[in-house]
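Chemist: Numbered according to my numbering, the sequence shown spans residues 118 to 356. Think of the CB as a built atom: it goes at the ideal place given N, C-alpha and C, for glycine as much as any other residue. In this text the structure is predicted, and so the values were computed from the model without any measurement. Handing you this structure, nothing more for now.
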Amino acid sequence: MIDQALDMGVVLYGDSWTRVLADSSWSPLFRPSEEEIPGLAVAVQDVEVPPGDYLMAVQAHDRFNRWYGVQRDAISIPDFTTPGLHMSGIRLATRVPPEVEDPDMEMRAGERLAPNPAKQYPQGAPVYFYLEVYDLALGNSDQSRYQIDIAVSNVEPSMKGRRLIWRLLSEVERILGYPVDQQTVTMVFEQSGQETDAAWSSAISTDQLRAGIYKLSVAVTDLIRQETVMQTQVFEMVR
Numbered sequence: 118m119i120d121q122a123l124d125m126g127v128v129l130y131g132d133s134w135t136r137v138l139a140d141s142s143w144s145p146l147f148r149p150s151e152e153e154i155p156g157l158a159v160a161v162q163d164v165e166v167p168p169g170d171y172l173m174a175v176q177a178h179d180r181f182n183r184w185y186g187v188q189r190d191a192i193s194i195p196d197f198t199t200p201g202l203h204m205s206g207i208r209l210a211t212r213v214p215p216e217v218e219d220p221d222m223e224m225r226a227g228e229r230l231a232p233n234p235a236k237q238y239p240q241g242a243p244v245y246f247y248l249e250v251y252d253l254a255l256g257n258s259d260q261s262r263y264q265i266d267i268a269v270s271n272v273e274p275s276m277k278g279r280r281l282i283w284r285l286l287s288e289v290e291r292i293l294g295y296p297v298d299q300q301t302v303t304m305v306f307e308q309s310g311q312e313t314d315a316a317w318s319s320a321i322s323t324d325q326l327r328a329g330i331y332k333l334s335v336a337v338t339d340l341i342r343q344e345t346v347m348q349t350q351v352f353e354m355v356r
């Protein structure tokens, strides 16, 4: 797969199934190390669309094996030009190196992140996730203060009697709360900085998780302006 590439095509639909974009390209494959997730490869296609909510269809064509794959999903493009707090989507990864916590926003360059767009993890493999926050307010001493609320809930099957275990990647993270409902785990972190933009990452230990689909919800609150933004992401544990 290292020397292989895919023909990619994407179509985006807006309201009333109005076609907003149709694009095709040739994409080389990025492959994380075999130890992380065997057989995983990532293809990237860049398109430009206005902010909004869309239905998306993506097709990959492997000319060597004459195989096709089609994936349909909903996608939301946020409008970062509006005033106030903004948050990127929750990016799932198979690895987030410790140096990613560096405040330099160029941290995504090169191979420092190992993305997992398939959203699938073998049982026992850590679920890494990463996000960015934009337009934080600066208060006294030109410092930002913000709170991160995280919840993980089971979608299917039932995980009654099971507990999610967190493994924190940053020494400055402080646990402020613990879950009450065994089916949903919630954690709260308080952060500060000297920039209006910030990056944050953590990981979930999955040793006690059964196979199934889970939902990860992250809310970020600017403690100076008291503004909150939230994103959700799903991931699947597979045998």
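(1) Taking only the alpha-carbon atoms, compute the straight-line gap between VAL161 and ASP132 and give it to the nearest angstrom.
(2) Look up ASN271 in the DSSP assignment and say whether it is helix, strand or coil.
(3) Suppose you measure from the CA of ILE321 to the CA of GLY310; what does that come to, to the nearest Å?
(4) Please report the distance separating the alpha-carbon of SER193 from that of GLN350.
(5) I'd like to confirm the pairing. Which residues does DSSP put opposite ALA177 in its beta bridges?
(6) Given a cut-off of 8 Å, decide if VAL128 and MET164 are closer than it, judged by their beta-carbon atoms.
(7) Tell me which residues share the same chain as SER141 and place their Cβ nearer than 6 Å to its Cβ, disregarding the 5 neighbours each side in the sequence.
(8) In angstroms with no decimal places, state the Cα-to-Cα distance between VAL250 and GLN176.
(9) With DSSP collapsed to three states, give me the class of ASP170.
(10) Here's the rule: buried if 16 or more other CB atoms are within 10 angstroms of the residue's CB, otherwise exposed. What is GLN308?
(11) Quick one: Cα of GLN240 to Cα of ASP259, how far?
(12) What three-state label does DSSP hand ASP371 in the structure shown?
(13) Starting from VAL137, trace the beta strand (DSSP E) in both directions and tell me its first and last residue.
(14) Tell me the residue span of the beta strand (DSSP E) that contains GLU165.
Modeler: Answer, in terms of the structure:
(1) Cα to Cα, VAL161 sits roughly 26 Å from ASP132.
(2) Correct three-state label for ASN271: strand.
(3) Between the alpha carbons of ILE321 and GLY310 lies a gap of roughly 24 Å.
(4) GLN350 has its alpha-carbon roughly 12 Å from the corresponding atom of SER193.
(5) The secondary-structure analysis by DSSP pairs ALA177 across a beta bridge with MET125 and GLY186.
(6) For the record, residue 164 in the displayed sequence is Val; it is not Met. Judged by beta-carbon spacing, VAL128 lies beyond the 8 Å limit of VAL164, meaning their Cβ atoms are not closer than that value.
(7) Within the same chain, Cβ atoms closer than 6 Å to the Cβ of SER141 are found at GLY126, the five residues on either side in sequence being excluded.
(8) A straight-line Cα-Cα distance of about 31 Å links VAL250 and GLN176.
(9) In the three-state reduction of the DSSP assignment, ASP170 falls in the strand class.
(10) Result: buried.
(11) CA-to-CA, the gap between GLN240 and ASP259 works out to about 44 Å.
(12) Nothing about residue 371 can be reported from this structure: the residues present for the chain run from 118 to 356 only.
(13) For VAL137, the uninterrupted beta strand (DSSP E) run begins and ends at 136-147, by DSSP.
(14) Per DSSP, GLU165 belongs to no beta strand (DSSP E) and is neither H nor E.
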